[in-house]
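Residue numbers (our numbering): -7 to 412. Note that CB positions come from ideal geometry on N, CA and C, so glycine has one too. Keep in mind the model is a prediction, meaning the values are calculated, not measured. Okay, structure first, notes after.
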């Protein structure tokens, strides 16, 4: 069995942690970020192993993603090669079991990884996070045959996966989906369409929530549809404000034939599977917001230290100092609530759904404001595409909408509070 870097980290003692680079060169990681004692230090509260995991992901983001994120955004490039390089580090199936190639880490470890990667490119990291949700759904609810067939190629990102829940007429009201799957012999025949699907047309498989029974959540099942299936097609690529390194298309089913053996879980279990996937997805996307906010603060800090007005650098103005303090405090608070929710999800806490919703609500809104405030500190320069702060701002805005809108997060939280 070939081990990923992260699996090697797990197998060595804290006193002698080492990792292999993709060129198989043994090296110590410096953990230089964690020696600065910055108030926004992402290593605060982490174990030595988790710090090394973060540093591995951060080095990858700095070297392989950040230099290319502007190009990917402007030319709408889906960076397959970089995604597959990330998979060599163990980032293709982070919290899947190890028997079919998963990395076997926990939800907090995944959050740390997504935060670090997002400092290099939010859009690309967000796609990795969606791919991981799909891999986990197959690993957790799929049959042994489906796990054996698909997980190794998902873990290596030789093949990519997309999550298909939203429809043109069914967004927040997810239980009202109308895409149907009618069983005929040993096949399901799917008809309908899915909207806003990340990876649409590029991914190799689609985890589709479809109606196999009566109306409502209990009539929904989850079916794996492979690209190339008869009757599967895609809409035009959407033109988006952000998230441009991953394509977004409608996924269309017209008498699409799928083997019954591709059912994930049982018939009628699909809605619960989708919601379980979204709990992790909310932590993942909130973690992507953390990385964007952290990098935006760094960029703004570096700018105000050198930019002069009225014969003084901007950092000497109290208004700028106070703004940076507010941004830093928001980031610290967001990181704490996200990591707390990640641990609750990992441990199966009774209030895990509410905590995941709270983390997604608070972190995505707070971090979006941090990115906006960072742009403001740049003045007119921040609005130019020559400066990356505007891309972080554009890419995180959608985090308040997807994986359940923040308005739905408020409903989940308030219902829990009022029922206890």
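From residue 373 to residue 286, what distance separates their C-alpha atoms?
19 angstroms
Can you check which of these residues, 226, 153, 248, 302, is closest to residue 179 by C-alpha distance?
248
Out of curiosity, what's the CA-to-CA distance linking residue 34 and residue 321?
13 angstroms
With a Cβ-Cβ cutoff of 9 angstroms, do residue 46 and residue 107 count as a contact?
In this structure, the beta-carbon distance from residue 46 to residue 107 falls below 9 angstroms.
To the nearest angstrom, report how far apart residue 184 and residue 390 are at their CA atoms.
So the two alpha carbons sit approximately 25 angstroms from each other.
Buried or exposed for residue 314, going by 16 or more other Cβ atoms inside 10 Å?
exposed
Reducing DSSP to helix, strand and coil, say where residue 373 ends up.
Of the three classes helix, strand and coil, the one that applies to residue 373 here is helix, per DSSP.
Whether or not the region 364 to 373 and the region 267 to 277 are in contact is what I'm after, with contact meaning three or more pairs of Cβ atoms, one per stretch, closer than 8 angstroms; do they touch?
no
Can you tell me the Cβ-Cβ gap for residue 84 and residue 256, rounded? I've got them flagged as a contact below 8 angstroms.
Residue 84 to residue 256, Cβ: 19 angstroms. No contact.
Quick check: residue 360 and residue 388, are their CB atoms within less than 9 angstroms of each other?
With contacts defined by Cβ atoms closer than 9 angstroms, residue 360 and residue 388 form a contacting pair.
Pull up the distance between the alpha-carbon of residue 336 and that of residue 301, whole angstroms please.
47 angstroms
Take residue 216 as the anchor and find which of 82, 334, 131, 353 has the nearest alpha-carbon.
Residue 131 is the option with its Cα nearest to residue 216.
Grouping DSSP H, G and I as helix and E and B as strand, with all else coil, what is residue 151?
coil
Exposed or buried, residue 124, counting other C-beta atoms within 10 Å across all chains shown (16 or more means buried)?
buried
Using the C-alpha atoms, what's the distance from residue 284 back to residue 324?
13 angstroms
Quick one: which unbroken alpha helix (DSSP H) runs of 4-plus residues sit fully inside the region 47 to 109? Chain order, please.
61 to 67, 72 to 80
Taking one C-beta from the region 213 to 233 and one from the region 52 to 59 each time, how about it: are there three or more such pairs within less than 8 angstroms?
no
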